[in-house]
Amino acid sequence: MTVNLRARLARAPFAAAAACLLSLAAFWLAQRAADVTMLDLSVYRAEGETVLAGGDLYAMRATSANLPTTYPPFAALLFTPLTLLGVPEMRTLATAGNLLLLVALVRLSLRLVRPGAPARSLWTAALWASAVLVWCEPVWTTLRYGQINLLIAVAVLWDFTRREGHGGARWAGIGTGLATAVKLTPGLFVVLMLVVGVLRLRRDGGPRKAWADAWLRKAVTATAVFLAVTAVSAVVLPYDSRRFWTRMIFETSRVGRKEETANQSLNGVIARLLHTTDPGVWWLPAAVVVGAAGLAVAVLAALRGDRPVAVVACGVTALLVSPISWSHHWVWCVPALVLLASRVRPGWTVAVGLVFGSFALWWVPHAPAPVRLELHQNPGQMLLSGLYTLVGLALLAAFALRLRREDRTTPGRSAPAADDRVHLPAQAAGDSARTAGDQALAKE
0 MTVNLRARLA RAPFAAAAAC LLSLAAFWLA QRAADVTMLD LSVYRAEGET VLAGGDLYAM
60 RATSANLPTT YPPFAALLFT PLTLLGVPEM RTLATAGNLL LLVALVRLSL RLVRPGAPAR
120 SLWTAALWAS AVLVWCEPVW TTLRYGQINL LIAVAVLWDF TRREGHGGAR WAGIGTGLAT
180 AVKLTPGLFV VLMLVVGVLR LRRDGGPRKA WADAWLRKAV TATAVFLAVT AVSAVVLPYD
240 SRRFWTRMIF ETSRVGRKEE TANQSLNGVI ARLLHTTDPG VWWLPAAVVV GAAGLAVAVL
300 AALRGDRPVA VVACGVTALL VSPISWSHHW VWCVPALVLL ASRVRPGWTV AVGLVFGSFA
360 LWWVPHAPAP VRLELHQNPG QMLLSGLYTL VGLALLAAFA LRLRREDRTT PGRSAPAADD
420 RVHLPAQAAG DSARTAGDQA LAKE
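If you count the sequence shown from 1, position 389 lands on 388 in numbering that gives the first Met the number 0, and the numbers rise without skipping.
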């Protein structure tokens, strides 16, 4: 019955478009009714103004919350066009742009999971899914603050959904390189590309085949783009670049308080568990262990041709090990939910969806500085305020168990030796909705 329902929905593009437009319009009205402040967007604009005025970028403070600059200098250069707009126009454009980016993220997530599906069915499914996923807390909060998380995720997924043998493949890596230059966390995807590429090279051939490997090409391209735009930023903003890369990059306190409920990283959960503002030495070992394990899962999945698991595992790992991962950074729940919907029973997908759609982490006592209610949470409140972290850890564990189970059922199994050039033929909409993830070993 579920398969038949999915098949019918896949054949209703106009209904999907109407449902998506209605949902996005309702979301827009709800945001306006909530009188969202878009504080981060105002900070971005202030950064652009500071650059144009020749001011000290990392001494700047903006908005009533007295927020500082936290991104690399390249991000401030990108924000300069915001100064050409009035505040109302800027907010309207940012909201519309983020909603379009959500649809693009869902579309790329579906292409990642179903690389051989027809474009029309992917767009129809993306519209249906966007109508629901727009109400997830990370998406809501991203638009509430005017954040760039959806743009970062789209840039990375664009790289991982390029097809070998097509013109777009030669540009793969640019998105991740630019994303890392704006926000350092996506750099873990570059590490994934490099490690997978090197291991595939050792397995499949010598140095002569290095540039023929898609993963190595992406890693080199991403690294080159990152270094190029960072160098340009250093030429344009030498003082700010020197301060960021020698000092500000190490001052995580500029980003915010570690113990805040909004911090859904290992660091935040440990801080709340220990009732402290700084977990100190307790966080680093946990981050190293989880980071190594999560990256290992991503690499092993990639070597076996399971790109969706590799990408989601890497994204979740980056969020877990980052010193601060605000709840709106977890827009990676979108590709995670798309992946789950294609591979597990609907009940599991709904359960994970409720975690991100229920806003449950905000049911606990919380307050802005200088009040620190998060330091006095009871066990039940700590559980709610760490839901994203727990789901992330559970996903990594589930991926690891699945890979291990495949080892047991297929002894001596090794990853396909060919480069990422094999494409699956499109399946019927009903069948692929249920079995594409489990039956397909898709290549780029």
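For each residue, glycine too, the CB sits at the ideal point set by N, CA and C.
Cα-Cα, which of 374, 384 and 371 is closest to residue 363? Here residue 363 refers to the residue found at position 364 of the sequence shown. The candidate whose alpha carbon is nearest that of residue 363 is 384.
Starting from residue 247, trace the alpha helix (DSSP H) in both directions and tell me its first and last residue.
Reading the sequence shown from its first residue, position 248 is the one you call residue 247. No alpha helix (DSSP H) holds residue 247; DSSP gives it neither H nor E.
So, helix, strand or coil for residue 61, using DSSP? Taking the first residue of the sequence shown as 1, we reach residue 61 at position 62. Here residue 61 sits in strand by DSSP.
Quick check: what's the CA-CA separation for residue 221 versus residue 177?
Walking along the sequence shown from the start, residue 221 turns up at place 222. Walking along the sequence shown from the start, residue 177 turns up at place 178. Cα to Cα, the separation comes out at about 8 Å.
*asked:* Would residue 160 and residue 111 qualify as a contact pair, given that the criterion is a beta-carbon distance under 7 Å?
replied: As a first step, residue 160 must be located in the sequence shown, where it is residue number 161. As a first step, residue 111 must be located in the sequence shown, where it is residue number 112. At a Cβ-Cβ threshold of 7 Å, residue 160 and residue 111 count as neighbours.
For this session: Pull up the CB-CB distance for residue 97 and residue 149, whole angstroms please, since I reckon it's below 8 Å.
Result: Taking the sequence shown and counting its residues from 1, one reaches residue 97 at position 98. Taking the sequence shown and counting its residues from 1, one reaches residue 149 at position 150. Sure, about 5 Å apart at Cβ, within 8 Å.
If you follow the alpha helix (DSSP H) that residue 192 is in, where does it begin and where does it stop? As a first step, residue 192 must be located in the sequence shown, where it is residue number 193. In the DSSP assignment, residue 192 falls within the alpha helix (DSSP H) that extends over 186-203.
Delimiting residues of the alpha helix (DSSP H) encompassing residue 97 = Position 98 of the sequence shown holds residue 97. From DSSP, the alpha helix (DSSP H) with residue 97 extends over 86-112.
Using the three-state DSSP reduction, which class does residue 139 fall into: helix, strand or coil?
Sequence index remark: in the sequence shown, residue 139 carries index 140 (1-based). Helix at residue 139.
To the nearest angstrom, how far is it from the Cα of residue 237 to the Cα of residue 243?
By 1-based counting over the sequence shown, the position of residue 237 is 238. By 1-based counting over the sequence shown, the position of residue 243 is 244. Their Cα atoms are separated by approximately 10 Å.
- Query: Where residue 420 and residue 203 are concerned, what is the direct C-alpha to C-alpha distance, given to the nearest angstrom?
  - Reply: Within the sequence shown, the letter at position 421 stands for residue 420. Within the sequence shown, the letter at position 204 stands for residue 203. In this predicted model, residue 420 has a pLDDT of only 38, less than 50, meaning its place in the structure is not dependable; the value taken from the coordinates is given anyway. Going by the C-alpha atoms only, they are around 14 Å apart.
Exercise for review: On a CA-only basis, which of 216, 200, 141 and 286 is nearest residue 175? Give me that one, please.
Suggested key: Counting from 1 along the sequence shown, the entry for residue 175 is found at position 176. Comparing Cα positions, the closest option is 216.
* Go through its chain and collect everything with a Cβ distance to residue 128's Cβ below 6 Å, but skip five positions before and after it. => Walking along the sequence shown from the start, residue 128 turns up at place 129. So the qualifying residues of the chain are 105.
| query | Leaving out five residues before and five after residue 194 in sequence, what residues of the same chain have Cβ atoms less than 7 Å from its Cβ? | reply | On the sequence shown, residue 194 is found 195 positions in, with the first residue counted as 1. Cβ within range, chain order: 298.
task: Return the CA-CA distance between residue 15 and residue 21, expressed in angstroms with no decimal places.
output: Along the sequence shown, one-based indexing puts residue 15 at 16. Along the sequence shown, one-based indexing puts residue 21 at 22. Cα to Cα, the separation comes out at about 10 Å.
request  = State yes or no: is the C-beta of residue 91 within less than 7 Å of the C-beta of residue 47?
outcome  = Mapped onto the sequence shown, residue 91 falls at position 92. Mapped onto the sequence shown, residue 47 falls at position 48. Result no, Cβ atoms of residue 91 and residue 47 do not sit closer than 7 Å.
For residue 262, which of helix, strand or coil comes out of DSSP? In the sequence shown, residue 262 corresponds to position 263, counting from 1. In the structure shown, residue 262 sits in a strand (DSSP, three-state: E or B).
Between the alpha carbons of residue 426 and residue 120, how many angstroms are there, rounded? Against the sequence shown, residue 426 aligns to sequence position 427. Against the sequence shown, residue 120 aligns to sequence position 121. A caution first: residue 426 carries a pLDDT of 36, below 50, which makes its placement in the model too unreliable to give a value.
**Environment of residue 266 [buried if 16+ CB atoms lie within 10 Å]** = The residue given as residue 266 occupies position 267 in the sequence shown. By the neighbour-count rule (16 or more Cβ atoms within 10 Å), residue 266 is buried.
To which residues of the same chain is residue 130 closer than 7 Å at the C-beta, ignoring the five residues directly before and after it? Indexing the sequence shown from 1 puts residue 130 at position 131. Excluding residues within five positions, the ones whose Cβ falls inside 7 Å are 18, 19 and 22.
* For residue 122, which of helix, strand or coil comes out of DSSP? -> Counting from 1 along the sequence shown, the entry for residue 122 is found at position 123. Helix at residue 122.
Quiz prompt | Where residue 347 falls: helix, strand or coil (DSSP) | solution = Mapped onto the sequence shown, residue 347 falls at position 348. Looking at residue 347 - three-state DSSP - the assignment turns out to be helix.
Exercise. Just to confirm, are residue 94 and residue 40 a CB contact at a threshold of 7 Å?
Worked result: Stepping through the sequence shown from its first residue, residue 94 is reached at position 95. Stepping through the sequence shown from its first residue, residue 40 is reached at position 41. In this structure, residue 40 does not lie closer than 7 Å to residue 94 by Cβ.
Specify the secondary structure class of residue 325 as computed by DSSP and reduced to three states. Stepping through the sequence shown from its first residue, residue 325 is reached at position 326. Reduced to three states, the DSSP call for residue 325 is strand.
Using only CA atoms, which one of 295, 199, 68 and 377 lies nearest to residue 317? Taking the first residue of the sequence shown as 1, we reach residue 317 at position 318. Considering only alpha carbons, the answer is 295.
Report task. Grab me the residues of residue 394's own chain with a C-beta within less than 6 Å of its C-beta, minus the 5 sequence neighbours each way, in chain order. Result -> Residue mapping note: residue 394 aligns to position 395 of the sequence shown, counting from 1. Around residue 394: 315.
Point to revise | Per-residue DSSP class, three states only, for residue 273 | key: Here residue 273 refers to the residue found at position 274 of the sequence shown. Correct three-state label for residue 273: coil.
### Task
Excluding the 5 residues preceding and the 5 following residue 327 in the sequence, name in chain order all residues of the same chain whose CB lies nearer than 7 Å to its CB.
Position 328 of the sequence shown, counting from 1, holds the residue named residue 327. Once the five neighbours on either side are set aside, the close Cβ partners of residue 327 are 137, 140, 141, 144, 146 and 148.
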